[in-house]
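K.L.:
In our numbering, the protein residues as written are 243 to 528. Even glycine gets a Cβ: it sits at the ideal position worked out from N, Cα and C. The structure that follows is given in the form of structure tokens.
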Ligand SMILES: NC(=O)c1ccc[n+]([C@@H]2O[C@H](COP(=O)([O-])OP(=O)(O)OC[C@H]3O[C@@H](n4cnc5c(N)ncnc54)[C@H](OP(=O)(O)O)[C@@H]3O)[C@@H](O)[C@H]2O)c1
């Protein structure tokens, strides 16, 4: 089996590296070629476009930024979908909304390609250490077929049901992540205005049961106000926007989500797009 990997950003580069480490035969493509160089040195083969990559592989993984980019690379000029051999597998690990996964699965089927949505929980470090959690939607036999790859890149995969269910749970993960990050940032900002010491607040609040456990990992960033990127703020804004679209599609009102997503949108407009999403604290403090 020859694996194609498209999208070598913070997550994809590290996931692809783990496939190489586990002995998989890998062909890679990334818009910015520089990011592929360490992988090429480690034995991966380069393809000059998604289209060229598709001709060389029978299993494709995409780990891209947004649904729009996935669609563009799938069916746009130089797209991969019409160039993969019939019967190939496409695993999309990008965080997208369920309706989009279902649309991609339908397009893939038209091209005789199998499809699973397999977004991941876990950030840069778990990606590097092969400790991601894959949230998977698709046909059982397809998910079983993908198992060796999940094992090479992650600690666990959970099959949640048909296509779109992986995307659905991942979106819910990030809804909680974004809302908790913003709630904590607001609390901290108010505490500072009231004259409390930041380090004291962090020490007490991060040990309290009212605080989401992941926030402990953000302590250093909040303390030093240096928001080195693990999960870019612009992708958090995208995920909250996608959750809002999904809620609209379901006729469900989610008022807090719809306010919070706009706070992330404002922070993005104010130049924080590429910083870690915890930089929302810096934005609020201003
Ligand atoms: N970082 C995390 O902690 C984390 C965790 C779980 C899930 N995710 C999700 O995983 C996905 C990737 O995240 P990431 O953190 O790895 O982001 P990233 O570092 O920004 O990588 C994004 C990837 O998409 C490519 N891309 C963007 N726009 C493109 C375009 N117009 N044409 C072609 N390629 C394009 C980038 O290419 P270039 O290199 O050329 O820019 C890069 O390969 C996102 O959906 C994100 O929500 C991220």
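Quick one: grab the DSSP three-state call for residue 403.
P.N.:
On the chain shown, position 161 is the one that residue 403 refers to. Reduced to three states, the DSSP call for residue 403 is strand.
K.L.:
For ligand 1, is there any heavy atom lying closer than 6 Å to the beta carbon of residue 273?
P.N.:
Locating residue 273 in the chain shown gives position 31, where the first residue counts as 1. It does: the Cβ of residue 273 is within 6 Å (strictly closer) of some heavy atom of ligand 1.
K.L.:
Taking just the CA atoms, how far does residue 409 sit from residue 481?
P.N.:
Here residue 481 is taken as the residue at index 239 of the chain shown, counted from 1. Here residue 409 is taken as the residue at index 167 of the chain shown, counted from 1. So the alpha carbons of these two residues sit roughly 10 Å apart.
K.L.:
Would you kindly check if the distance between the Cβ of residue 424 and the Cβ of residue 502 is under 7 Å?
P.N.:
As a working note, residue 502 is residue 260 in the chain shown. As a working note, residue 424 is residue 182 in the chain shown. Yes, the Cβ-Cβ distance between residue 502 and residue 424 is below 7 Å.
K.L.:
Using DSSP's beta-bridge definition, name the partner residues of residue 304.
P.N.:
Within the chain shown, numbered from 1, the residue matching residue 304 stands at position 62. 248, 334, per the DSSP bridge assignment.
K.L.:
Quick check: the Cα distance between residue 476 and residue 364, rounded to an integer number of angstroms?
P.N.:
On the chain shown, residue 476 is found 234 positions in, with the first residue counted as 1. On the chain shown, residue 364 is found 122 positions in, with the first residue counted as 1. Rounded to the nearest angstrom, the two C-alpha atoms are 17 Å apart.
K.L.:
So, at 7 Å on beta carbons, what are the nonlocal neighbours of residue 444 in its own chain, with the 5 sequence-adjacent residues on each side left out?
P.N.:
Working through the chain shown from its first residue, we reach residue 444 at position 202. Closer than 7 Å at the Cβ level, and outside the excluded window around residue 444, lie 461, 464, 465.
K.L.:
Considering only their Cβ atoms, is the gap separating residue 314 from residue 292 smaller than 7 Å?
P.N.:
Translated into positions along the chain shown, residue 292 becomes position 50. Translated into positions along the chain shown, residue 314 becomes position 72. It is not a contact, given that the beta carbons lie outside the stated cut-off.
K.L.:
In terms of alpha-carbon separation, which member of 246, 417, 304 lies closest to residue 483?
P.N.:
In the chain shown, counting from the first residue as 1, residue 483 sits at position 241. Checking every option, the nearest Cα to that of residue 483 belongs to 417.
K.L.:
I'd like to confirm the pairing. Which residues does DSSP put opposite residue 451 in its beta bridges?
P.N.:
Residue numbering aside, residue 451 sits at position 209 when the chain shown is read from its first letter. According to DSSP, which records beta bridges pairwise, residue 451 is partnered with nothing at all.
K.L.:
Does residue 271 pass the burial test, meaning 16 or more other C-beta atoms within 10 Å, or should it be called exposed?
P.N.:
Here the question's residue 271 lines up with position 29 in the chain shown. With 16 or more Cβ atoms within 10 Å of its Cβ, residue 271 is classed as buried.
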